Each structure stands twice: as structure tokens, then as C-alpha cells.
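Let me begin by presenting the structure, written as C-alpha cells, before commenting on it.
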Amino acid sequence: MYLNPGIFLAALGITTLELAEASAVGIALYAESRRKLVFIAVAVGVIIILVPTALAGRLLSIFPLNYVRVFSATLLLYFGLRLMRSARRSFRYQREGFTGNNEGKQEKSFMVTSLSVGSVEAFEAAIVLVALFPNNFDSTLLGIFFGIVAVLVFSFILHSQIRKVKQAVMKVSVSALLLTFSAFWYVESVIIVDDLLLIPLFIVFFLIVYSISSHGIEGVKPAGKET
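Okay, so the sequence shown: first residue is 533 according to this note's numbering, each after it adds one.
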């Protein structure tokens, strides 16, 4: 098995990010309903999306590599830009604090909400994962596995505190990683380039995404400046 560290980290990052959000909502619903079934519903929602995603990723590998790279680069570009916007919202919310917005619901509503949350967050991750799978199936699968394990462990340890974990910098990092692979695969579909190019590309994209996401938000330090 050939492990590609970059693809592994991208799969790990997007899986952890999206499923942590699903876990936070599941914990909030459990606190309100006191029904452990909400966790099962969230898990089912995740499974019914991620399993077909893995199958689709495997099927994509039958297409010519250049077409797969362009397709993958386009998906990563879309989600990388979308995640950058989400990071900006997180920087803004980071200053105001997180507040719950769950109101009293009937028992069936809790189950439906939990299932929906699991599916939606898994689908967000799937947009990226389906682009990573055909480029290195094993690395992507391993990243998903460790991402799920990380979310389960931190959810168990932190409980309700997981809702207060600051995700802005993590979103910036994942966004920069996705944009890095997007640019790299666009170039690689035309000419052969060294994998070492990924390192300076990531640094550049991280600085760009961080600057755009935090621009004009009071209390956020510019990238590279610590006190």
C-alpha cells in the first residue's frame, strides 16, 4: 500500500471537520432529548453517504488519470473556496461565542434531525473525498478512518465542550490544503511537476486564506504574527 501523506491529511482534515460538526449537533440533541438513539441516527446518516462515496471513488479510477485530476481539482477548488467563506464566519462567531439554537421538538423530530445532520455533514465531506479516492484510494480511506476515530475520541472526552472548540484555523488549514491540491492537479494534468511543490503551495494558500478569512475582523491576529 502506497501512502500519500498529503491526500491522507486532506481526507483526515475534511472528515474530522465535518463529522465534528455532526457530533456537536448530536450531543446538543441528546442533551435536549436524553435519547441515545440520536447518536445512532447521526451515524446512520453518515454511513449512507460515505459508503456510496467510497464506491464512486473506486469507479472513478477506471477513467484516464488526466481527466480524473481535472475533475478532482475542480471539486477541490469549489469546496476549498466554500470552506474559506465558512472560515470567515467562524472567525466572526469566535468573537461572539457559540449559542445553541435548538428548540423543543417531538421525539420523531429529534430522530429525523439527527439523521439529516449526519447525512448533510457526510455529504459535505463526500464532495472532497470523491475527488481524493481515485488519486489514492488507500490514503483516502485511511484518512477517513482516523478522522472518524479522532471525532469519536474527542466527542467522548470533551462531551458538550466540543461545541466550543474553535474551528476557524482548522477550516483555514483544510481550505488551504484543498486549494493546494486543486492547483497542483490542474498543473499536473498538463505537465509533470515535483511533489515538493506542494509545500510552498500550501504555505502560500494558507497565508492567502487566513488573510481573506480574517480581514476586517477585530481581534484576529494577521497570519505569521504572534504576540
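Glycine included, C-beta positions come from ideal geometry on N, C-alpha and C.
Just so we're clear, the structure is a prediction, and the values are computed from it rather than from any experiment.
Pick out whichever of L551, S622, P537 and A542 has its Cα sitting closest to the Cα of F686.
Position 154 of the sequence shown, counting from 1, holds the residue named residue 686. F686 has its Cα closest to that of L551, out of L551, S622, P537 and A542.
The ligand FMN heavy atom lying under 7 Å from the CB of L569:
With respect to small molecules bound, the structure shown includes none, and the ligand FMN cannot be examined in it.
Here's the rule I'm using: 16 or more other beta-carbon atoms within 10 Å means buried, otherwise exposed. How should S671 be labelled?
Here residue 671 refers to the residue found at position 139 of the sequence shown. With a threshold of 16 other beta carbon atoms within 10 Å, S671 meets it and is buried.
Here's the rule: buried if 16 or more other CB atoms are within 10 angstroms of the residue's CB, otherwise exposed. What is R590?
Reading the sequence shown from its first residue, position 58 is the one you call residue 590. With fewer than 16 Cβ atoms within 10 Å of its Cβ, R590 is classed as exposed.
If you count every other CB in all the chains shown that lies within 10 Å of the CB of G636, and 16 or more means buried, which is it?
Start at 1 with the first residue of the sequence shown, and residue 636 comes out as number 104. Legend: pLDDT at G636 = 43, less than 50; position of this residue unreliable, value from coordinates given subsequently. With fewer than 16 other Cβ atoms within 10 Å, it is exposed.
Where N598 sits in the DSSP three-state scheme
Here residue 598 refers to the residue found at position 66 when the sequence shown is read from its first residue. Helix.
So what's P666 in DSSP terms, helix, strand or just coil?
In the sequence shown, residue 666 corresponds to position 134, counting from 1. Coil, per DSSP.
Compare the Cα-Cα distances from K703 to each of P537, R621 and Y599 and report the closest residue.
For the purposes of this step, residue 703 is taken as the residue at position 171 of the sequence shown. Cα-wise, what sits closest to K703 is R621.
Between the alpha carbons of A605 and F713, how many angstroms are there, rounded?
Within the sequence shown, residue 605 is the residue found at index 73, counting from 1. Within the sequence shown, residue 713 is the residue found at index 181, counting from 1. When rounded, the separation of the alpha-carbon atoms in A605 and F713 is 7 Å.
Identify, in the order they occur along the chain, each residue of the same chain with its Cβ nearer than 6 Å to the Cβ of V602, setting aside the five sequence neighbours on each side.
Taking the first residue of the sequence shown as 1, we reach residue 602 at position 70. Around V602, the same chain offers S721 as residues with beta carbons nearer than 6 Å, after the five sequence neighbours per side are excluded.
Neighbour-count burial assignment, L684, 16 or more Cβ in a 10 Å radius
By 1-based counting over the sequence shown, the position of residue 684 is 152. It counts as exposed.
How many whole angstroms separate the CB atoms of L544 and F678, which I take to be in contact at a CB cut-off of 8 Å?
Numbered from its first residue, the sequence shown carries residue 544 at position 12. Numbered from its first residue, the sequence shown carries residue 678 at position 146. Between F678 and L544 the Cβ distance is about 5 Å, and since that is below 8 Å, they are a contact.
Which same chain residues, not among the five before or five after T585, have their C-beta less than 6 Å away from its C-beta?
If you number the sequence shown from 1, residue 585 lands on position 53. When the five nearest sequence neighbours on each side are left out, the beta carbons in the same chain lying within less than 6 Å of the beta carbon of T585 are those of A658, L661 and V662, in order along the chain.
Can you give the Cα-Cα distance for V741 and S707, rounded to whole angstroms?
Taking the first residue of the sequence shown as position 1, residue 741 is located at position 209. Taking the first residue of the sequence shown as position 1, residue 707 is located at position 175. When rounded, the distance between both Cα atoms is 7 Å.
Among V600, V576, I749 and I723, which residue has its Cα nearest to the Cα of F669?
Position 137 of the sequence shown, counted from the start, is the residue given in the question as residue 669. Cα-wise, what sits closest to F669 is V600.
Over what stretch of residues does the alpha helix (DSSP H) that includes L703 continue unbroken?
Counting from one through the sequence shown, the residue named residue 703 turns up at place 171. The residue you asked about is not Leu; residue 703 is Lys in the sequence shown. It spans A700 to E720 - the alpha helix (DSSP H) in which K703 sits, taken as one unbroken run.
Please report how far the alpha carbon of L711 lies from the alpha carbon of G558, in whole angstroms.
Within the sequence shown, the letter at position 179 stands for residue 711. Within the sequence shown, the letter at position 26 stands for residue 558. The straight-line gap from Cα to Cα measures roughly 30 Å.
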